[in-house]
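Asker: Each residue of the sequence shown is one higher than the one before, starting from 5 at the first, in the numbering used here.
Here a beta-carbon is modelled for each residue, glycine too, at the ideal position from N, C-alpha and C.
These figures come from a predicted structure and were not determined experimentally.
Supplied in structure tokens, the structure appears directly below.
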Amino acid sequence: MIKAVVFDMDGVLIDTEKHYNAAWCEAARMAGFDFKREHALMLRSCDVQLAEKMMKDIFGAGFDYFAIREVRRRLVAERLEKYGLEKKPGIDEILAFLHKKNIKAAVATATPIELTLQHLEKIGVRNQFDKIVSAKQVKHGKPAPDVYLYACEQIGEEPSNCIAVEDSPNGIKAAYAAGCKPVMVPDLTQPDEEIQPLLYAVVDSLVEIRRLID
Numbered sequence: 005m006i007k008a009v010v011f012d013m014d015g016v017l018i019d020t021e022k023h024y025n026a027a028w029c030e031a032a033r034m035a036g037f038d039f040k041r042e043h044a045l046m047l048r049s050c051d052v053q054l055a056e057k058m059m060k061d062i063f064g065a066g067f068d069y070f071a072i073r074e075v076r077r078r079l080v081a082e083r084l085e086k087y088g089l090e091k092k093p094g095i096d097e098i099l100a101f102l103h104k105k106n107i108k109a110a111v112a113t114a115t116p117i118e119l120t121l122q123h124l125e126k127i128g129v130r131n132q133f134d135k136i137v138s139a140k141q142v143k144h145g146k147p148a149p150d151v152y153l154y155a156c157e158q159i160g161e162e163p164s165n166c167i168a169v170e171d172s173p174n175g176i177k178a179a180y181a182a183g184c185k186p187v188m189v190p191d192l193t194q195p196d197e198e199i200q201p202l203l204y205a206v207v208d209s210l211v212e213i214r215r216l217i218d
């Protein structure tokens, strides 16, 4: 029985992954690296220590991950100032449906909690969630299960009774490892052979989650 739905934020609730992708590429190229879209995709929702290791393994010890990430943060902020913060389709409908069904809603994101709250406030849904948590509040970020385990603990539900809505492989792996039911709403990529076996379902939009519950 589904008692809660836990949402990732970037790429699921807000259309920001395209900006992160572009900003990672620009920031790394500014630092002199032949950084491509595929490398940026690897970093979606990824734990920073793991991300640093992956990038150094690819580009060498000279890849200053944290310095490049600071530039990326500035570039993302500039892009959001220019293009605005776009809601993903179906947010309001799915949240209204969950409230009507007395099913809890939470957010478990890799984004720092302060920025998460700002973004959710800006798109008008901050108060629609029972709990909002960040991977920065736990020991290990995605793909480790920590943030999903923490979210489930905070809302008082067993992971097996929770759908976890994700768009990235790191997020799917985290949700699966936590014992949640991972549902992918593809954003920049479709599920690959590695991710497919971990999925409870794949849906085209947030609204389609209703049929998984009904």
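#1: Could you tell me the distance, in whole angstroms, from the CA atom of Pro-186 to the CA atom of Ile-6?
#2: Give the single residue among Gly-88, Arg-33, Lys-91, Pro-173 whose Cα lies nearest to the Cα of Ile-72.
#3: Taking the continuous beta strand (DSSP E) assigned at Val-111, which residues delimit it?
#4: Apart from the five residues on each side of it in sequence, which residues of its chain come closer than 7 angstroms, Cβ to Cβ, to Ala-108?
#5: Who are the near neighbours of Glu-56 in its chain, counting only those whose CB is closer than 6 angstroms to its CB and skipping five residues on each side?
#6: Hey, would you say Glu-97 sits closer than 9 angstroms to Val-189, going by beta carbons?
#7: Unbroken beta strand (DSSP E) runs of length 3 or more, entirely within the region 97-184: which are they?
#8: Count the other C-beta atoms from every protein chain shown that fall within 10 angstroms of the C-beta of Asn-25, then say buried if there are 16 or more, exposed otherwise.
#9: Short check: CB of Ala-31 to CB of Leu-79, under 9 angstroms?
#10: Helix or strand or just coil, what does DSSP make of Asp-61?
#11: Below 6 angstroms CB to CB, which residues in the same chain sit around Asp-191 once its five sequence neighbours on both sides are set aside?
#12: Count the other CB atoms within 10 Å of the CB of His-103; is the residue buried (16 or more) or exposed (fewer)?
#13: Would you grab the beta carbon distance between Cys-29 and Lys-146 for me? Rounded to a whole angstrom, and I think it's under 8 angstroms.
#14: Hey, Ala-110 and Val-207: beta-carbon distance below 9 angstroms or not?
#15: Could you please give the first and the last residue of the uninterrupted beta strand (DSSP E) stretch that includes Val-9?
#16: When burial is assigned at 16 or more other CB atoms within 10 Å of the CB, is Gly-175 buried or exposed?
#17: Quick check on this structure: which residue in Cys-166, Arg-41, Ala-139, Tyr-152 has the alpha carbon closest to the alpha carbon of Ile-117?
#18: By the 10 Å Cβ neighbour count, where 16 or more other Cβ atoms means buried, how is Pro-201 classified, buried or exposed?
Answerer: On the basis of the supplied data:
#1: 12 angstroms
#2: Per the C-alpha coordinates, the member of Gly-88, Arg-33, Lys-91, Pro-173 positioned closest to Ile-72 is Arg-33.
#3: 108-113
#4: Checking the displayed sequence, the identity of residue 108 turns out to be Lys instead of Ala. Cβ within range, chain order: Lys-7, Ala-8, Asp-134, Ile-159, Glu-161.
#5: Tyr-69
#6: no
#7: 108-113, 135-138, 166-170
#8: buried
#9: yes
#10: helix
#11: Gly-15, Glu-21, Asp-171
#12: exposed
#13: Not a contact, Cβ separation roughly 21 angstroms.
#14: The criterion of a C-beta distance shorter than 9 angstroms is not satisfied by Ala-110 and Val-207.
#15: 8-11
#16: buried
#17: Ala-139
#18: exposed
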